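Written out below as structure tokens is the structure these notes cover.
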Amino acid sequence: MTDRTIYQALAEAFRAEGVTAQFVLMGDGNMHWVTVMKDLPGVTTVHARHEHCAVGMAMGYASATGGVGVASVTCGPGITQITTALASAARSRVPVVVLAGDVPLKARFYGQAIDQQPLVTTCGAHYIAGLHPVRMHQYVREAFWTARHERRPVVLAIPYDLQKQPMPDIGPYVPSDDLIPVTPPLPPDPAQLDALARRLASARCPVLIAGRGVLAAGATDELAEVADLSGAFLSTTLLARGLYDAHPFSMGVAGGFARRVAREVFAEADLVVAIGASLTYHTVDGGRLIPPDAHVVQIDPEPLGLREGLRAADTYLRADARLAALGLLDRLRAGPAPAARMRTDALAARIRDEPADPTDYDIDPGTLDPRAVFAELETAIPGDWDVVSGSGHQSYFHTVMRGQAPGRYHVMRDFGAIGNAISYAIGVAVARGDGRVVLYEGDGSLLMHVQELECLQRQGIRLLVVCSNDGAYGAEIHKLREDGMDDSGAIFGRTDLGAIARGFGLTGETVTELGHFADLRAAYEAGTKAAVWNVHVSDKVVNPRMRLNIKAGHGTR
Numbered sequence: 001m002t003d004r005t006i007y008q009a010l011a012e013a014f015r016a017e018g019v020t021a022q023f024v025l026m027g028d029g030n031m032h033w034v035t036v037m038k039d040l041p042g043v044t045t046v047h048a049r050h051e052h053c054a055v056g057m058a059m060g061y062a063s064a065t066g067g068v069g070v071a072s073v074t075c076g077p078g079i080t081q082i083t084t085a086l087a088s089a090a091r092s093r094v095p096v097v098v099l100a101g102d103v104p105l106k107a108r109f110y111g112q113a114i115d116q117q118p119l120v121t122t123c124g125a126h127y128i129a130g131l132h133p134v135r136m137h138q139y140v141r142e143a144f145w146t147a148r149h150e151r152r153p154v155v156l157a158i159p160y161d162l163q164k165q166p167m168p169d170i171g172p173y174v175p176s177d178d179l180i181p182v183t184p185p186l187p188p189d190p191a192q193l194d195a196l197a198r199r200l201a202s203a204r205c206p207v208l209i210a211g212r213g214v215l216a217a218g219a220t221d222e223l224a225e226v227a228d229l230s231g232a233f234l235s236t237t238l239l240a241r242g243l244y245d246a247h248p249f250s251m252g253v254a255g256g257f258a259r260r261v262a263r264e265v266f267a268e269a270d271l272v273v274a275i276g277a278s279l280t281y282h283t284v285d286g287g288r289l290i291p292p293d294a295h296v297v298q299i300d301p302e303p304l305g306l307r308e309g310l311r312a313a314d315t316y317l318r319a320d321a322r323l324a325a326l327g328l329l330d331r332l333r334a335g336p337a338p339a340a341r342m343r344t345d346a347l348a349a350r351i352r353d354e355p356a357d358p359t360d361y362d363i364d365p366g367t368l369d370p371r372a373v374f375a376e377l378e379t380a381i382p383g384d385w386d387v388v389s390g391s392g393h394q395s396y397f398h399t400v401m402r403g404q405a406p407g408r409y410h411v412m413r414d415f416g417a418i419g420n421a422i423s424y425a426i427g428v429a430v431a432r433g434d435g436r437v438v439l440y441e442g443d444g445s446l447l448m449h450v451q452e453l454e455c456l457q458r459q460g461i462r463l464l465v466v467c468s469n470d471g472a473y474g475a476e477i478h479k480l481r482e483d484g485m486d487d488s489g490a491i492f493g494r495t496d497l498g499a500i501a502r503g504f505g506l507t508g509e510t511v512t513e514l515g516h517f518a519d520l521r522a523a524y525e526a527g528t529k530a531a532v533w534n535v536h537v538s539d540k541v542v543n544p545r546m547r548l549n550i551k552a553g554h555g556t557r
């Protein structure tokens, strides 16, 4: 035995894994670990107001740093409160480790007792029951190895009374990094590259979809050159948003959030090559974006034939994005002139100048067209800020903004849960530490966890929240109206979110006219507090993806 308790040894093992921040809601089952953890050198501690948000903050921190986010909750209700966050992390493949309490082993009765493992595993997370002192290092190592290697959330649960027992002398802690294989980038098959180069050269209208794998591999410039040599158009997944905004033939985000002109080009495509992109249901807009007769190629180190109910591609090339792009460049340079002739100055002008969605709507006095709001924000918010996206109807409008730095966009909506984004944004803001983080959110979603505004104030975290306030659950009112039904149950009025923010000790502004965002942003940057902009937007404007989904029918595509 050593002089240390198990909770002390666990905290030191977490620190050895490189943990620099913990997001917690303290209870009996985790209070000793949290208290020791906060005093370790280099560790920032953020106390959330809700367990769900503690895990959400850890998710945002992981997204911003590229590492593992760490949260901590107590047992029983502490676990039940985080199930939505765990499911969201599992669907979005976010590496998070949650140190949780568990029922005391010696307790005759414990009111918070519940079978935690089924709850956690049902959410898609990995559960580790830490029940033996001599295996404590192994438990922590397994948690971080699983989170990193499998990119999924992990809950490590240790009984409350066991944590206070002496730690056995089992030697120094060996971090999980030492066990994760380091392998070189995967080279492409030469014969497949030959065939793809021939397809690119002969395609009438090729389109390249770049995902985060292009960013990770450092293949941005090489892929742009592949597009230019082949006459292809460029687009990106939502998470790689902004990657090619300066390119005249970059159409922006592919999928349900595609601009109108992008949909027109995709409709003409006879070859679509996705590189470093997983071709999710959203990226292909449920199968509506790419013509059925177009040949689809996926270049990825781990391509999947079936993705979210759809066949992902016709041809798969297992390879690192940069090595594949370099191989294609060699072949295109040596090959014949490309057949593609779709690139024209007129089309470049349309891509540059046309609004993403030109549909006319009547805007009620005192409210703003959200498309105009985000057109102004495109120039008011610097492009090098981190952007966090909420969910729901409002989540479309900011995606067509241009000039945003790729790799600084954070969205985790694979589970379709609203209410998460304020916590994600706090995690990103803690990671950045400079206040240059903006959350684009809706009022219904923000109100679900509005208590975390107090966390921002208490912890001194600077974050800009731009809330599109339509006084309703936007997705539901538009679907109910389309079905000719009473929409009053989805309408709750435009809550004075500016006053609420001020009540929490933050800066709060209500915006009902355009032309003020640049001044408000300057005031925010000159200040020391988080800020909420309560922007009154019209509830008449339906985002184009919602219009398509309503026509297709709920759950059919």
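Heads up, the sequence shown is in full-length UniProt numbering, so the first residue is 1 and it goes up one at a time. Using N, Cα and C, we set each Cβ at its ideal position, and we do this for glycine too. Just so it is clear, the structure is predicted and the values come from calculations on it, not from any experiment.
What separation, rounded to the nearest whole angstrom, lies between the Cα atoms of G56 and L193?
Each residue's alpha carbon lies about 41 Å from the other.
How is G69 classed by DSSP in three states: helix, strand or coil?
G69: strand per DSSP, three-state reduction.
With H, G and I counted as helix, E and B as strand and the rest as coil, what does DSSP make of C467?
Strand, per DSSP.
Where does D102 sit, in a helix, a strand or coil, going by DSSP?
Strand, per DSSP.
Helix, strand or coil for Y7? Go by DSSP, reduced to three states.
Correct three-state label for Y7: helix.
Which class does A531 belong to by DSSP, given the choice of helix, strand or coil?
Strand.
Measuring CB to CB, does A340 end up less than 8 Å from P188?
For A340 and P188, no; Cβs fall outside 8 Å.
Give me whichever residues DSSP pairs with R307 in a beta bridge.
Its beta-bridge partners are L310.
Near D384, which residues of its chain fall below 6 Å by C-beta distance, leaving aside the five closest residues on each side in sequence?
Same-chain partners within the cutoff: A405.
Within 10 angstroms of its Cβ, does V182 collect 16 or more other Cβ (buried), or is it exposed?
Under this definition V182 is an exposed residue.
Counting C-beta neighbours from all protein chains within 10 Å, is the total for G503 16 or more, i.e. buried, or is it exposed?
Under this definition G503 is an exposed residue.
Specify the secondary structure class of P153 as computed by DSSP and reduced to three states.
In this structure, P153 counts as strand in the three-state DSSP scheme.
Hey, out of L464, R241, P370 and G231, whose CA is closest to E525's CA?
Per the Cα distances, L464.
For I299, which residues of its own chain have a beta-carbon under 6 Å away from its beta-carbon, when the five flanking residues on both sides are left out?
Result list for I299: I275, L317, A319 and A324, in chain order.
Once DSSP output is grouped into helix, strand and coil, what is the label at A54?
In this structure, A54 counts as helix in the three-state DSSP scheme.
Tell whether a beta-carbon distance below 8 Å holds between A294 and V261.
It is not a contact, given that the beta carbons lie outside the stated cut-off.
Go through its chain and collect everything with a Cβ distance to E12's Cβ below 6 Å, but skip five positions before and after it.
None.
Whether or not the region 206–221 and the region 389–404 are in contact is what I'm after, with contact meaning three or more pairs of Cβ atoms, one per stretch, closer than 8 Å; do they touch?
No, the region 389–404 is not in contact with the region 206–221.
Name the two residues that bound the continuous alpha helix (DSSP H) containing G474.
From DSSP, the alpha helix (DSSP H) with G474 extends over G474 to E482.
Report, in whole angstroms, the separation of the C-beta atoms of T83 and C53, which I expect to be a contact under 8 Å.
So it is not a contact: roughly 13 Å between Cβ atoms.
Return yes when at least one heavy atom of the ligand NAP lies under 7 Å from the C-beta of L271, else no.
Here there are no bound small molecules, and the ligand NAP is not part of this structure.
Smallest Cα separation from G27: which of G78, A58, A21 and G69?
Measuring from the Cα of G27, the nearest candidate turns out to be G78.
Which residue from G390, A269 and I426 puts its Cα closest to that of G416?
Comparing Cα positions, the closest option is G390.
Please look up how many angstroms separate the CB atoms of Q165 and I6, rounded, as I've assumed it's under 8 Å.
Q165 to I6, Cβ: 5 Å. Contact.
Ordered along the chain, which non-local residues of its own chain (more than five positions away) have a Cβ less than 8 Å from that of Q457?
If we look at Q457 and ignore the five residues flanking it on each side, its Cβ neighbours are F504, G505, L506, K529 and A530.
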